[in-house]
Amino acid sequence: MKISAYGVAKMLSNWDDGPGPAHRRLSDRLTLLVLDGRLALGATVPSERELAATLGISRTTVGAAYGTLVRNNYLSTQERSRATVRLPAGQRVADPAERATTTADLSFAAPQAPGEILHSSFAAALEQLPRHFERHGYDRYGIAELRDAIASWYQRRGLATSRDQILVTNGAQHALALLARTLLAPRDRVVIEHPTYPHAITTLLDRKAVLVPVGMTSDGWDVAQLRAAARTAKLAFLIPDFQNPTGLLLSVDGRERLKLACPTIVDETLTDLWLDSPPPPPYAVHHPAAISIGSVSKSIWGGLRIGWIRATPALLERVNQQRPAIDLGTAVVEQLATANLLDNKLTHRTDAIDQLRLQRDTLQQALHDALPQLEVSTPTGGVSIWAAFPAAISSRLAATAPDHGLTLAAGPRFGIGGAFERHLRLPFTLPPDRLLDAVGKLARTVEAIAGGSVGTHRPLDIA
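Mapping of the sequence shown onto numbering that gives the first Met the number 0: residues 0 to 462, in sequence order.
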């Protein structure tokens, strides 16, 4: 596979921002594109001449940058052929157990599993399972028990909901993919918050949508700009509850005023993780046509791949018609276990919330002590802090951090066009002692950046 010079330039975006020689800034950003998986292994990169012409820089600069990648074994060269992307010998993706003991992983914003609660819920599910044996097991809407439990979850939050308004999915990401497949055609415009969840960006781009980013303000949502952008859009995607990655919460007044002219999907995956006070009633209370998606990946465990769509029965029927091209339904045992968790109101547990609150405060204080130059938010819920450096160094930090036993998600992953080079999303899902260790490693990484070091490590995933 060949990657065009235009495609590389688009991924590089504002690579030239920051200190140091141009060739080093370029090699740093190219390295990060490999580590993030955006430059696929085995792909051929554009020639020095092509990339230099596209970026409007000298061929010497591109040649020096490519040379650095060759020396660090991120590019493989052969006579009379173009360089191809590779990883250094011995590099591999560590399994989660290994990574947990060898690095501080701040790329995943995922709480630890509540083992005892999960075990009890699955034990109950296994007892309930035999009554489903007479059915074929391919229910694209989901089992009645779980749809009723999800409807009750909405009703407890003040939104009247019935079983026929719920379709069960394999997580919120799957829900968004099904909706995008149903509602979007190539080149349709989709309004998104900026920044937003990276996998939502990927899902929408996979449908060849044109993303229309509307920047978040320091106070939250720019209602006027969102309304204006939505007038010519086919869809909008919002995260009103503890927005990922900023942690911001849309107020009651904001929910009332934020009525958009296009269909609106709201992601409520983080709703139950309020740390200081409950969030306002659901967005759909004010805008009944809104499409809600959610899951238990953050409130319970990422390994429990259960999500849902709440929408009109007519829209769910359209989604149901699209679904066989992707999958044939959701595992029954996992659905029964999730129904038990929701019926027993275990998605907001006092012990888990107290622990998250302690971890948030620990991370915030540690950042203040070790990196006072950081602008640090104080989220009232969710699982992460959105921090900003004085300089545009996020990608260089992510590339260098593995050399110091740390894994980071660079700020540009949460936007388009290379935005958010000053920002990092820093989850507070690790225990306090490991958060303190991670901040120490982050501080050392910042020092290494100041000293000109370059990281040479593995690709990462983001949750």
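Positions of the beta carbon are idealized from the N, C-alpha and C atoms, including for glycine.
The structure presented is a predicted model; accordingly, all values stated were derived computationally and were not measured.
Contact holds between the segment 281–296 and the segment 252–270, because three or more Cβ pairs, one in each stretch, are under 8 angstroms apart. In this model, residue 34 and residue 74 are separated by some 12 angstroms (Cα to Cα). For residue 119, the enclosing alpha helix (DSSP H) starts and ends at 114–127.
In this structure, residue 369 sits away from residue 403, with a CB-CB distance that is not shorter than 8 angstroms. In terms of Cβ geometry, residue 346 and residue 340 form a close pair [threshold 8 angstroms]. Secondary structure of residue 383 (DSSP, three-state): strand. In this structure, residue 424 lies near residue 413, with their beta-carbon atoms less than 8 angstroms apart. If you draw a straight line from the Cα of residue 162 to the Cα of residue 311, it is about 11 angstroms long.
Excluding its 5 nearest sequence neighbours in each direction, residue 43 has C-beta neighbours in its own chain below 6 angstroms: 1, 81 and 83, listed in chain order. In the structure shown, the three-state DSSP call for residue 239 is coil. The segment 319–329 and the segment 287–297 do not touch, with fewer than three beta-carbon pairs separated by less than 8 angstroms.
Relative to the Cα of residue 114, the nearest Cα in the group 362, 302 and 380 belongs to 302. DSSP places residue 286 in no alpha helix (DSSP H); its state is neither H nor E. Contact holds between the segment 227–239 and the segment 170–188, because three or more Cβ pairs, one in each stretch, are under 8 angstroms apart. Straight across, the Cα-Cα distance linking residue 144 with residue 249 is about 31 angstroms. Linking residue 108 to residue 385 through their CA atoms gives a straight-line distance of about 12 angstroms. Here residue 103 carries a strand assignment [DSSP, helix/strand/coil].
Closest option to residue 348, judged by alpha-carbon separation, among 295, 13 and 335: 295.
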